[in-house]
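Take a look at the structure set out below.
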Amino acid sequence: MKTPSPIDRSRSAELFEAAKGFFPGGVNSPVRAFKSVGGTPLFIAKGNGAEIWDEDGNQFIDFCCSWGPLIHGHNHPYVFEKIVATLQNGASFGAPTRKENELAAFMLERLPFIDKIRFTSSGTEAVMSALRLARGATGKNKILKFEGCYHGHVDALLVQAGSGLVTFGTSSSAGVPEAFANETLVLPLNDAEALSACFEAQHHDLAAVIIEPIPANNGLLLQDLTFLNLLRSLCTKYGVLLIFDEVISGFRVAFGGAAELYGITPDMVTYGKIIGGGLPVGAYGARKEIMAYVSPEGPVYQAGTLSGNPVAMAAGLAQLELCASPGFYTQQAKRTQTFVDKINAFALAEALPMELVCVGSIFWFSFNGKKRITAASQIASEMTAFNFMHHFLLDVGVYFGPSGYEVGFVSSAHTDAQLNYAAEQIIAALAAFYQK
Ligand SMILES: *Cc1c(COP(=O)(O)O)cnc(C)c1O
1 MKTPSPIDRS
11 RSAELFEAAK
21 GFFPGGVNSP
31 VRAFKSVGGT
41 PLFIAKGNGA
51 EIWDEDGNQF
61 IDFCCSWGPL
71 IHGHNHPYVF
81 EKIVATLQNG
91 ASFGAPTRKE
101 NELAAFMLER
111 LPFIDKIRFT
121 SSGTEAVMSA
131 LRLARGATGK
141 NKILKFEGCY
151 HGHVDALLVQ
161 AGSGLVTFGT
171 SSSAGVPEAF
181 ANETLVLPLN
191 DAEALSACFE
201 AQHHDLAAVI
211 IEPIPANNGL
221 LLQDLTFLNL
231 LRSLCTKYGV
241 LLIFDEVISG
251 FRVAFGGAAE
261 LYGITPDMVT
271 YGKIIGGGLP
281 VGAYGARKEI
291 MAYVSPEGPV
301 YQAGTLSGNP
311 VAMAAGLAQL
321 ELCASPGFYT
331 QQAKRTQTFV
341 DKINAFALAE
351 ALPMELVCVG
361 SIFWFSFNGK
371 KRITAASQIA
381 SEMTAFNFMH
391 HFLLDVGVYF
401 GPSGYEVGFV
411 SSAHTDAQLN
421 YAAEQIIAAL
431 AAFYQK
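The sequence shown stops at residue 436 when you use the numbering used here, and every number in between is there.
Okay, structure coming up:
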């Protein structure tokens, strides 16, 4: 099997050269730079439905979907219409608008585990604010996180496991003081024993545990339900707040995210991505007793010039209304499963050391044999197969986020024909790679 002939990417290449003069590494967020897969990024000119076009006019079926927000694809007519209608009245006021009430009411009616929310402008901001609130509400300092979970670029969470048995973190980014990192404990995912031991030793000063209940930023590391339930019961037993970071999983695997899918009640939740309909929105929420600590009701300060921006609220509400239609999540999961099964059947028949893992409409190429993996340390460090496939697929019009550690998304805009074409091309790419 031969590889496809390369598409013309000269305009993107020129734009990237110019961008390098403007931005560190030529980008405004690191993973966009194609460092992981090699080569230079495509500059995207437009998107419609499940498709995007780059500046050279090449067309792609998009499985990145802006890294998750676009659950209904690009420029969904209903979302578009609501954005434009709202924008006609002005972009921002820094004063309350009806749109904030509307989105909040729509969410809270369907999210039984939280009474109140606060809107922010990004997932990072939501997480940062939730941690401050957890500390302010409990009067305790330490936070426990899990290795391989990403929670945005919050100082206290840019932390990796220290060496040996000590679970205190060390910073994983320059510019994060060790003193901050020392306030964060880090444990491996899905390790019940380590979790119990850590709670026993550290619960006195533990304000909160933060977890992606569906870890989807470093592979898709589906956890045992027994582990998540143990986490819930330990938090309850020791009076530690359980924060579900549902910035990816919220409104993605079910309207109520992993909390609804797994039937586990967190104390606090953070949202982002889908909640903004493609515009910048994040949110955090909790029971009203906890939210009462937030300023101006309480002593925990948190604010934002563009928080609750009416245009972003309108986009979010339109998108969530579409998500709430009956059968939406069942249908999305079914279509994703069909897509995944097709590729997995080929991998199985050819005995390839890979498989696709999926939940809801999130999927991930696991190049780890057929072994189910649940922790960051189990992911193969070798990404040659994904990198080969990524470049192969660009040349045949299929776009994935440029890193093998990232998941892909199926939107409601992906047609069966597009999914079938993409599956065929993925199979061709895998066949070409493993024949080499
Ligand atoms: C994307 C993401 C964030 C950060 O959100 P931004 O909007 O990029 O700041 C935080 N937590 C999780 C789980 C995410 O997937």
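Beta carbons are placed, not taken as given, at the ideal position from N, Cα and C, and that holds for glycine.
Open item on the list: With DSSP as the reference, identify every bridge partner of residue 171, one or two as the case may be.
Closed with: 159
- [ ] Can you give me the Cβ contacts of residue 322 inside the same chain, cut-off strictly under 6 Å, excluding the 5 residues immediately before and after it?
- [x] 72
- [ ] Kindly indicate which three-state DSSP category residue 196 falls into: helix, strand or coil?
- [x] DSSP places residue 196 within a helical segment (H, G or I) once states are collapsed to three.
Open item on the list: Comparing C-alpha positions only, which one of 268, 218, 255 and 214 sits nearest to residue 240?
Closed with: Of the listed residues, the one whose Cα sits closest to residue 240 is 268.
Task: Beta-carbon proximity of residue 7 to residue 395, cut-off 8 Å - done: yes
Open item on the list: Would residue 142 and residue 205 be called neighbours here (beta carbons separated by less than 8 Å)?
Closed with: A contact, by the Cβ cut-off of 8 Å.
TODO: Check the C-beta distance from residue 148 over to residue 215 and give it rounded, since I have them as a contact under 8 Å.
DONE: 6 Å
- [ ] Name, in chain order, the residues that DSSP records as bridge partners for residue 48.
- [x] Paired residue(s): 51.
Task: Contacts around residue 274, its chain only, beta-carbon distance under 7 Å, and the 5 residues preceding and following it disregarded - done: Residues of the same chain with a CB within less than 7 Å of the CB of residue 274, apart from the 5 flanking positions on each side, are 68, 69, 71, 250, 251, 252 and 319 in chain order.
Open item on the list: What ranges does the alpha helix (DSSP H) occupy inside the segment 256-289, keeping only unbroken runs of at least 4 residues that lie completely in it?
Closed with: 257-262
Task: DSSP-derived helix/strand/coil call for residue 366 - done: strand
Open item on the list: Suppose the cutoff is 6 Å on Cβ atoms and the five residues either side in sequence are ignored; what does the same chain contact list for residue 412 look like?
Closed with: 72
- [ ] Measure the alpha-carbon distance for residue 230 versus residue 192 and round it to whole angstroms.
- [x] 7 Å
- [ ] Could you have a look at residue 236 and say whether DSSP puts it in helix, strand or coil?
- [x] helix
Open item on the list: I'd like to know whether the C-beta atoms of residue 86 and residue 310 end up nearer to each other than 8 Å.
Closed with: For residue 86 and residue 310, yes; Cβs fall inside 8 Å.
Open item on the list: Considering only the alpha carbon of each residue, which of 354, 181, 210 and 125 lies closest to residue 195?
Closed with: 210
Open item on the list: Quick check on residue 9: buried or exposed, where buried means 16 or more other Cβ atoms within 10 Å of its Cβ?
Closed with: Residue 9 is buried by the Cβ-count criterion.
TODO: Compute the minimum distance between the beta carbon of residue 437 and the heavy atoms of ligand 1, and state whether it is under 7 Å.
DONE: Residue numbering for the chain in the displayed model covers 1 to 436; residue 437 lies beyond these limits and cannot be assessed.
TODO: Identify whether residue 127 lies in helix, strand or coil by the three-state DSSP scheme.
DONE: helix
Task: For residue 224, the nearest candidate out of 262, 233 and 207 (CA to CA) - done: 262
Open item on the list: Can you look up residue 242 in the DSSP assignment and give me helix, strand or coil?
Closed with: strand
Task: Top-ranked residue by Cα proximity to residue 368, from 77, 405, 79 and 419 - done: 405
Open item on the list: Less than 7 Å separating the Cβ of residue 124 from some heavy atom of ligand 1?
Closed with: yes
TODO: Report the three-state DSSP secondary structure of residue 434 (helix, strand or coil).
DONE: helix
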